[in-house]
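Participant: Following our numbering, the numbering of the sequence shown begins with 25 at its first residue and continues without gaps.
Quick reminder that beta carbons are idealized off the backbone N, C-alpha and C, glycines included.
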Amino acid sequence: MDNGPPCKFTLSLLGRFELTGPAGSVEFASKKAAGLLAFLACKAPEGQRRDRLTDLLWGSQFETQARQNLRQALYVLRRILGDGSIASNGHYVSLKTGVVDCDVRRFEALIREGGRDALAAAIGVYKGHLLVDIDVAQETWRDWLTGERQRLQRLALDAMVRLGELELASGKAEAAVKAADRAIAENDVREDAHRLLIGALAASGRRPDALRHYEHLVALLKHELDVEPDADTKALIRELRNPAQVGTELEPDRPSASRPRAQSEAPSLPLPDRPSIAVLPFANMSGDPDQEYFADGISEDLITGLSHIHWLFVIARNSTFVYKHRAVDVKQVSRELGVRYVLEGSVRRTGKHLRISAQLIDAMTGGHHWAERYDRELGDIFAVQDEITRSVAAAIEPRLLAAEGVRALSRSSGDLGAWELVARAQTHFWRLTRPDYERAIDSLEQAVEANPEYAPARSQLGFCLVFAAHMGWIGHDRGLLSGREHAMRAISLDDRDPWAHVALGYWAMMERQTEDSIAAFRRAVDLNPNSAAAHSHLSRGLAFAGRDREAIEHGEEAIRLSPLDPEMALFLGAIAVAHYAAGRDAEAAKYTTEALRLRPGFQGAQRLRCASLAQAGRVDEARSFLATVRREQAQLSIDWIRASVPYQTPQLMERFLEGMRKAGLDED
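Here's what the structure looks like:
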C-alpha cells in the first residue's frame with residue numbers, strides 16, 4: 025500500500041460511524057452530515073454532483089430547500105475538518121486527498137493488493153456492515169447503502185475464503201479452519217467457505233468432522249435455498265469417501281484426488297448445458313523438480329481466472345490434478361469429467377528465461393481452437409505468473425465464444441437451447457452492423473423466451489438493445505426502456521453476471537447518470553478482472569465523462585489482455601473517445617480510422633472520425649467522409665446527437681457538436 029503522510033482524521037465506517045481527530049472522537053449532531061461525509065469519503069477523491077448529493081440525502085424535499093441543506097451540511101464538515109478539506113467547483117463536491125483516513129478505502133486497497141498479509145489485514149479492518157448506526161429516511165440513500173453493504177461484504181467474504189485457501193496451501197490447516205469459520209459466520213450459505221472448511225478439517229486429520237460438516241451443509245442448503253451442494257463440493261466429498269483413501273489424510277498441497285482411479289472406474293459424464301472446460305496440470309519441462317510449484321501455480325491460477333467467466337463451467341482443481349504426471353487422451357478427459365474443452369500446456373525454464381506454451385482443444389473432436397507461446401525473462405516470479413495467467417484467461421474467452429457461436433450457427437434455431445442462442449447472438453454482435461444487431465436481438469429474444477430465468481440471455485439482450493439505440497439502429501425509447509428492464513432482471517437473477525452490470529452501466533451512461541454508469545462498469549471489471557470487454561466498456565464510460573487518462577489505461581488493458589479480440593474495434597473506439605474528449609484530435613482520428621478498418625459499419629466510430637478530422641484541421645476530408653456517413657445514418661442531426669451520443673457534460677457535448685458542424689452537419 026502507498027504510505028503517504030498521515031491524515032489528520034480517521035474515519036471508521038465499517039460497523040459504527042466514528043470520526044476521530046487530534047482531540048479525540050468528533051460528535052455529529054446531524055446524521056445526514058455524517059452520511060454526507062461517509063459518502064464523500066467512500067467516493068474520494070472523485071467529485072460528486074450536487075444534485076446527486078441532494079437526491080441522496082434530501083430527495084423528498086423541494087429543490088431549493090434541499091440545496092440549502094446541502095450547503096449547511098458542507099459548512100458543518102468544513103468547520104470540523106478545516107476550510108481546505110472539501111473542494112467545490114459549482115456542480116461538483118469532493119473530499120480532498122489526505123484529509124481523512126477512511127477504513128473503507130483502506131480495506132479496498134488491501135483487497136486489491138491481494139497477498140496473504142494484505143488479505144489478513146483487510147479482514148481485520150472489516151469490523152462489520154457499512155454504517156450500521158446511520159439511518160437516513162431516503163429511498164436513494166437506502167438503495168446506495170444496501171448496494172455498498174453487499175459489495176463490501178462480498179469483498180470481505182472473498183478475502184476470508186482466499187486467505188483460508190492460501191493458509192491451507194501452505195500447510196496451515198488450523199488457520200484455514202479459522203478463516204472458513206469466520207466466513208461462514210458472516211454468511212452461512214456461502215458454499216465455497218463450507219468447502220474450504222471441509223478440506224481444512226480433512227487436512228488437519230479430522231476426516232469424520234469433515235464428513236459430518238458436509239451432512240450439515242446438505243441440510244442447510246436444502247432448508248435455506250432448496251438446492252444441493254455444487255459439483256466441486258461433491259467431488260471433494262467423493263475423495264474423502266473413496267475407500268482407497270481410508271486412513272490417508274489429505275495433504276494440503278496435494279489433494280488425495282491426485283491419485284487417479286483406473287479408467288475403467290470412471291463413468292462417462294454428460295456435458296453440462298453451458299460450455300465446459302478442464303485445465304489440465306501444466307507439464308514441468310525444466311528437468312528441475314523445484315519448478316513443479318510454478319507449473320502447478322499457473323494451472324491453479326488459470327482455473328481461478330477462468331472461473332470468473334460467468335457462462336463457463338470450469339472443473340475444479342481437485343478433479344483435474346488427478347491427471348498430473350499422466351499421458352492422457354483429451355477424449356478420455358472429456359468422458360471422465362464431462363467437458364467439451366481442455367486447456368493444456370507446459371512450462372520450461374532455462375536459466376532466467378521462461379517459456380510457457382498453452383493450447384485450447386475441443387476434446388470431443390480433438391481439434392485445436394487456439395495455441396500460444398509466451399517467452400519471458402524471469403524477474404518477479406509471481407508477477408510473471410500473474411501476467412501469463414491473465415493473458416491466457418483473457419485470450420481464451422473470445423475463442424470459446426467464437427467456437428460456441430460457430431457450433432450454434434450450424435444448427436437450426438428450433439434445436440438450440442438458451443445458451444446456444446446467446447452464443448449465436450455473439451457472432452453477430454461482434455460485426456457491428458445494423459443487420460447483425462437485428463439478428464443478435466432476435467436470437468436473444470428467443471433465448472429469453474426459451475428460458476426467462478436465464479441471466480446471460482437477459483443481460484446480453486439488455487446490452488444489445490441499449491447499444492443499438494446508441495448506434496441509431498432502433499428507437500431511443502425502445503432501446504433504453506427495454507434494455508434497462510432486461511439488465512435489472514438479469515441482476516435480480518444473478519448479481520455476479522458481469523454482462524448484467526455492463527448492460528446497466530451502458531443504460532446509465534446513455535441517461536447521463538455518470539457515477540452510476542462508471543460504478544456499474546467497475547463492478548463488471550471486479551467480477552471478471554480478466555475480461556477485456558469489461559475493461560473496454562469501463563474505458564468507454566470514463567471516456568464519455570472526460571476522464572481520459574483512466575479511460576485510456578483501461579482501453580489499453582483491454583488490448584493487452586486480448587490483442588486479437590473480435591471486439592477490437594470497440595476497444596479502439598473507446599480510446600478514440602478519450603483522446604477526443606481531451607482535445608487530442610489527431611490521435612482520435614487515428615484510432616477511429618483503425619477501428620473502421622476492422623469494422624467499417626461501426627457507426628459510432630464513423631461519427632467520431634468526422635468530428636475529429638474536422639477539429640484536427642482536415643475539414644475537406646471530414647466533409648467528404650460525412651457525406652458517406654449520412655448515406656448510412658439518415659437520422660443523423662444535431663438534435664439526434666444531443667439525445668443519443670452520451671457525452672456526460674455540456675462542455676464535451678458542445679465540443680463534439682462543434683466538430684460535427686465543422687464537418688458540415690446542419691442544425692436541422
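Can you tell me which of the three DSSP states PHE33 falls into?
Facilitator: As a first step, residue 33 must be located in the sequence shown, where it is residue number 9. Three-state DSSP puts PHE33 in a strand.
Participant: Taking the C-alpha atoms as reference points, what is the distance between ARG448 and TRP497?
Facilitator: The residue labelled residue 448 in the question sits at position 424 within the sequence shown. The residue labelled residue 497 in the question sits at position 473 within the sequence shown. Going by the C-alpha atoms only, they are around 20 Å apart.
Participant: Rounding to the nearest angstrom, what Cα-Cα distance links MET592 and GLY48 in this structure?
Facilitator: Taking the sequence shown and counting its residues from 1, the one referred to as residue 592 is at position 568. Taking the sequence shown and counting its residues from 1, the one referred to as residue 48 is at position 24. Rounded to the nearest angstrom, the two C-alpha atoms are 54 Å apart.
Participant: Could you tell me which residues DSSP pairs with GLN383 in its beta bridges?
Facilitator: The sequence position of residue 383 within the sequence shown is 359, counting from 1. DSSP output for GLN383 lists GLU368 and ALA395 as bridge partner(s).
Participant: Please report the straight-line C-alpha distance between GLN611 and ALA600, rounded to a whole angstrom.
Facilitator: Numbered from 1 along the sequence shown, position 587 holds the residue referred to as residue 611. Numbered from 1 along the sequence shown, position 576 holds the residue referred to as residue 600. Strictly speaking, residue 611 in this sequence is Glu, with Gln absent from that position. C-alpha separation (whole angstroms): 7 Å.
Participant: Closer than 6 Å by C-beta to ALA606: which residues in its own chain qualify, once you throw out the five before and the five after it? Chain order, please.
Facilitator: As a working note, residue 606 is residue 582 in the sequence shown. Hits under 6 Å: ASP572.
Participant: Cβ of LEU101 within 7 Å of Cβ of LEU61?
Facilitator: Locating residue 101 in the sequence shown gives position 77, where the first residue counts as 1. Locating residue 61 in the sequence shown gives position 37, where the first residue counts as 1. Against a cut-off of 7 Å, the Cβ pair of LEU61 and LEU101 comes out as a contact.
Participant: Run through DSSP, which three-state label would THR673 get?
Facilitator: Position 649 of the sequence shown, counted from the start, is the residue given in the question as residue 673. THR673: coil per DSSP, three-state reduction.
Participant: Three-state secondary structure (DSSP) at GLU591?
Facilitator: Indexing the sequence shown from 1 puts residue 591 at position 567. The answer is coil: DSSP assigns GLU591 none of H, G, I, E or B.
Participant: Let's test the definition: count the other Cβ atoms within 10 Å of the Cβ of GLY461 and tell me whether it reaches 16, buried, or not, exposed.
Facilitator: For the purposes of this step, residue 461 is taken as residue 437 along the sequence shown, with counting starting at 1. One point to set straight first is that residue 461 is Tyr, not Gly, in the sequence displayed. Classification of TYR461: buried, given that the 10 Å Cβ count is 16 or more.
Participant: Going by beta-carbon coordinates alone, are GLY223 and ALA203 separated by less than 7 Å?
Facilitator: Translated into the one-based positions of the sequence shown, residue 223 becomes position 199. Translated into the one-based positions of the sequence shown, residue 203 becomes position 179. Contact flag unset, no.
Participant: Nearest-angstrom Cα distance between ALA199 and ARG219?
Facilitator: Here residue 199 is taken as the residue at index 175 of the sequence shown, counted from 1. Here residue 219 is taken as the residue at index 195 of the sequence shown, counted from 1. Rounded to the nearest angstrom, the two C-alpha atoms are 15 Å apart.
Participant: Taking Cβ positions, are VAL490 and GLY507 nearer each other than 7 Å?
Facilitator: Taking the first residue of the sequence shown as position 1, residue 490 is located at position 466. Taking the first residue of the sequence shown as position 1, residue 507 is located at position 483. Result yes, Cβ atoms of VAL490 and GLY507 sit closer than 7 Å.
Participant: Alpha carbons only, please: which of LEU221, ALA407, GLU137 and GLN672 is nearest the one belonging to GLN537?
Facilitator: As a first step, residue 537 is located in the sequence shown; it is residue number 513 there, counting from the start. The shortest C-alpha separation from GLN537 is found at GLN672.
Participant: According to DSSP, what are the bridge partners of GLN72?
Facilitator: For the purposes of this step, residue 72 is taken as the residue at position 48 of the sequence shown. DSSP, once it has assigned bridges, lists VAL117 as partnering GLN72.
Participant: For the candidate residues LEU367, ALA524, THR374 and ARG397, whose alpha-carbon lies nearest to that of GLY390?
Facilitator: By one-based count along the sequence shown, residue 390 stands at place 366. Considering only alpha carbons, the answer is LEU367.
Participant: Any idea what DSSP makes of HIS349, helix, strand or coil?
Facilitator: Translated into positions along the sequence shown, residue 349 becomes position 325. HIS349 falls in the coil class under three-state DSSP.
Participant: So, using beta-carbon positions, are THR170 and LEU80 closer together than 7 Å?
Facilitator: Residue mapping note: residue 170 aligns to position 146 of the sequence shown, counting from 1. Residue mapping note: residue 80 aligns to position 56 of the sequence shown, counting from 1. No. Outside cutoff.
Participant: Compute the distance between the beta-carbons of GLY45 and PHE63, then report whether it is under 7 Å.
Facilitator: Counting from one through the sequence shown, the residue named residue 45 turns up at place 21. Counting from one through the sequence shown, the residue named residue 63 turns up at place 39. Cβ atoms of GLY45 and PHE63: not closer than 7 Å.
Participant: So PHE595 and ALA613 are supposed to be a Cβ contact under 8 Å. How far apart are they, rounded?
Facilitator: Your numbering for residue 595 matches position 571 in the sequence shown. Your numbering for residue 613 matches position 589 in the sequence shown. Not really, about 17 Å apart at Cβ, beyond 8 Å.
Participant: Are the CB atoms of VAL213 and GLU252 within a distance shorter than 7 Å?
Facilitator: Locating residue 252 in the sequence shown gives position 228, counting from the first residue. Locating residue 213 in the sequence shown gives position 189, counting from the first residue. No. Outside cutoff.
Participant: Just reading off the beta strand (DSSP E) that SER300 is part of, what are its end residues?
Facilitator: Along the sequence shown, read from residue 1 onward, the residue named residue 300 stands at position 276. Unbroken beta strand (DSSP E) run through SER300: 300-303.
Participant: Counting beta carbon pairs with one atom in the segment 409-422 and one in the segment 313-327, are three or more of them shorter than 8 Å?
Facilitator: Yes, since at least three Cβ pairs between the segment 313-327 and the segment 409-422 fall closer than 8 Å, the two stretches touch.
Participant: Just the C-alpha distance for ASP690 and ALA481, rounded to the nearest angstrom, thanks.
Facilitator: In the sequence shown, the residue the question calls residue 690 occupies position 666. In the sequence shown, the residue the question calls residue 481 occupies position 457. Taking the straight line joining both Cα atoms gives about 40 Å.
Participant: Apply the 10 Å Cβ neighbour rule to HIS377 and answer buried if 16 or more other Cβ atoms are within range, or exposed otherwise.
Facilitator: One-based indexing of the sequence shown puts residue 377 at position 353. Label assigned to HIS377: exposed.
Participant: Look at GLN639 and GLY683 and say whether their C-beta atoms are less than 7 Å apart.
Facilitator: Counting from 1 along the sequence shown, the entry for residue 639 is found at position 615. Counting from 1 along the sequence shown, the entry for residue 683 is found at position 659. For GLN639 and GLY683, yes; Cβs fall inside 7 Å.
Participant: When DSSP labels each residue in this structure, what does THR389 get in the three-state scheme?
Facilitator: Taking the sequence shown and counting its residues from 1, the one referred to as residue 389 is at position 365. DSSP places THR389 in coil when its eight states are reduced to three.
Participant: Based on the DSSP output, what are the partners of LEU154 in its beta bridges?
Facilitator: Numbered from its first residue, the sequence shown carries residue 154 at position 130. In DSSP, LEU154 forms a bridge with LEU38.
Participant: Between which two residues does the beta strand (DSSP E) carrying VAL708 extend?
Facilitator: No answer is possible for residue 708: it lies beyond the span of the chain, which begins at 25 and ends at 692.
Participant: Grouping DSSP H, G and I as helix and E and B as strand, with all else coil, what is ALA111?
Facilitator: As a position in the sequence shown, residue 111 is number 87, starting the count at 1. Reduced to three states, the DSSP call for ALA111 is strand.
Participant: Can you give me the C-alpha to C-alpha distance between ARG13 and ARG633, rounded to a whole angstrom?
Facilitator: Nothing can be reported for residue 13: it is not among the residues displayed for the chain, which extend from 25 to 692.
Participant: Using only the alpha-carbon positions, how far apart do LEU166 and ALA65 sit?
Facilitator: For this step, residue 166 is matched to residue 142 along the sequence shown. For this step, residue 65 is matched to residue 41 along the sequence shown. A small fix is needed here, since residue 166 is Arg in this sequence, not Leu. Going from the Cα of ARG166 to the Cα of ALA65 covers about 17 Å.
Participant: Can you check which of these residues, ARG359, GLY570 and ALA557, is closest to SER586 by C-alpha distance?
Facilitator: Taking the first residue of the sequence shown as position 1, residue 586 is located at position 562. Comparing Cα positions, the closest option is ALA557.
Participant: Any chance the segment 124-137 sits against the segment 176-184, with 3 or more Cβ pairs inside 8 Å?
Facilitator: Enough Cβ pairs lie closer than 8 Å, so yes.
Participant: Would you list the one or two residues that DSSP bridges to VAL50?
Facilitator: In the sequence shown, residue 50 corresponds to position 26, counting from 1. In DSSP, VAL50 forms a bridge with LEU43.
Participant: When DSSP labels each residue in this structure, what does PHE337 get in the three-state scheme?
Facilitator: Taking the first residue of the sequence shown as 1, we reach residue 337 at position 313. Residue state, collapsed to three classes: strand.
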